[in-house]
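Peer 1: Numbering (our numbering), first residue to last: 1405 to 1631.
The C-beta atom is built at its ideal place from N, Cα and C for all residues, glycine as well.
If you scroll down you'll find the structure; I have some questions about it.
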């Protein structure tokens, strides 16, 4: 089984602009920023998606809705609108949330640089958990769980031939899957699936797309970066 995974980071939020840590805080995209995604939206709207997945947080729901429908929604911070209507067929998944930064949510590097625990976390995030936040082990585990679930979804829906065995669509076009999520999640998915790709080796800006071509090797997804 092979797939092309289109990973899109949500549009710009107020805390993104202010360079504050933004994990589970449910901010919307700044009004007007979604329009900057118009070139990507035009390309994505012309594609057929075998599966669409999205973080359940507002900034990702707003971004997805704009990308697939062209309908801009106002930022919760600016307009008080805290909803983006769900799109039929989309899986909104909590496992695609950003790392939870706990007490460091909303803080900047300048706010935290004098904290010895923060300095240790910068040096080795796998060894330190933000106070009240999420451990690196828990974060990477839920991303792995999502990836395994993605394989199960595809196997159930389109991966069986006439004999009920996997691979029945091998002669057809490689399925395209869209995932709208967060920068850390995109890095972690790439690090977990593409050999020799350290987490910090990728920089994905708000509104950018990373494409991966992945194959299931019997135990996990593995592949390469396309763009």
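1) Going along the chain, which unbroken runs of the beta strand (DSSP E) with 3 or more residues stay wholly within the segment 1478-1532?
2) From the DSSP output, in three-state form, read off residue 1438 for me.
3) Per the contact definition of three or more C-beta pairs closer than 8 Å, is the segment 1597-1604 in contact with the segment 1433-1450?
4) Flag this pair as touching only if the segment 1507-1520 and the segment 1413-1427 have three or more C-beta atom pairs under 8 Å; answer yes or no.
5) Would you mind working out which of 1534, 1454, 1448 and 1475 sits nearest residue 1495, comparing C-alpha positions?
6) Select from 1406, 1501, 1464 and 1507 the residue whose C-alpha is nearest the C-alpha of residue 1489.
7) Would a C-beta distance cut-off of 8 Å place residue 1596 and residue 1629 closer than the cut-off?
8) Do the segment 1439-1456 and the segment 1522-1536 touch if we need at least three Cβ pairs shorter than 8 Å?
9) Which of the three DSSP states is assigned to residue 1467 in this structure?
10) Assuming residue 1591 and residue 1408 make a contact with CB atoms under 8 Å, what is their CB distance in whole Å?
11) Going straight from the alpha carbon of residue 1544 to that of residue 1456, what length do you get?
12) Look up residue 1416 in the DSSP assignment and say whether it is helix, strand or coil.
13) Taking the alpha carbon of residue 1460 as the point to measure from, which residue in 1475, 1584 and 1410 has its own alpha carbon closest?
14) Going by C-alpha distance, which of 1619, 1449, 1417 and 1470 is nearest residue 1555?
15) Look up residue 1461 in the DSSP assignment and say whether it is helix, strand or coil.
16) Taking C-alpha atoms, which residue in 1506, 1522, 1622 and 1589 lies nearest to residue 1552?
17) Going by other Cβ atoms of all chains shown within 10 Å of its Cβ, with 16 needed for buried, is residue 1492 buried or exposed?
18) Taking the alpha-carbon of residue 1507 as reference, which of 1500, 1521 and 1498 has the nearest alpha-carbon?
19) I need the DSSP call for residue 1574, collapsed to helix, strand or coil.
20) Under the DSSP definition of a beta bridge, which residues are partnered with residue 1627?
21) Would you kindly work out how many angstroms separate the C-alpha atoms of residue 1503 and residue 1538, rounded to a whole number?
22) Decide if residue 1609 is buried, meaning its Cβ has at least 16 other Cβ atoms within 10 Å, or exposed.
23) Would you mind sorting residue 1518 into buried or exposed? The rule is 16 or more other CB atoms within 10 Å of its CB.
Peer 2: Here's the rundown:
1) Those beta strand (DSSP E) runs which fall completely within the segment 1478-1532 and span 3+ residues are 1494-1497.
2) In the three-state scheme derived from DSSP, where H, G and I count as helix and E and B as strand, residue 1438 is classed as helix.
3) Segments in contact, no.
4) Short answer: they touch.
5) Closest by C-alpha distance to residue 1495, out of 1534, 1454, 1448 and 1475, is 1454.
6) It is 1464 whose Cα lies nearest to the Cα of residue 1489.
7) Contact flag unset, no.
8) Between the segment 1439-1456 and the segment 1522-1536, the count of Cβ pairs shorter than 8 Å is below three; the stretches do not touch.
9) In this structure, residue 1467 counts as helix in the three-state DSSP scheme.
10) Their Cβ separation, rounded to whole angstroms, is 18 Å, which puts residue 1591 and residue 1408 out of contact at 8 Å.
11) Straight-line Cα distance between these residues: approximately 21 Å.
12) Here residue 1416 sits in coil by DSSP.
13) Ranking 1475, 1584 and 1410 by Cα distance to residue 1460 puts 1584 first.
14) Closest in C-alpha terms to residue 1555, from the list 1619, 1449, 1417 and 1470, comes 1619.
15) Three-state result, residue 1461: coil.
16) The shortest C-alpha separation from residue 1552 is found at 1622.
17) The residue in question, residue 1492, is exposed, as its Cβ has fewer than 16 Cβ neighbours within 10 Å.
18) That would be 1521, whose Cα lies nearest to the Cα of residue 1507.
19) With a pLDDT of 46 at residue 1574, under the threshold of 50, the predicted position of this residue should be treated as unreliable, though the coordinate-derived value follows. Coil.
20) Listed as beta-bridge partners of residue 1627 by DSSP are 1618.
21) Put simply, the backbone Cα of residue 1503 is about 6 Å away from that of residue 1538.
22) Counting other Cβ atoms within 10 Å of its Cβ, residue 1609 stays below 16 and is therefore classed as exposed.
23) In the assembly as shown, residue 1518 is an exposed residue. Its beta-carbon has fewer than 16 other beta-carbons within 10 Å.
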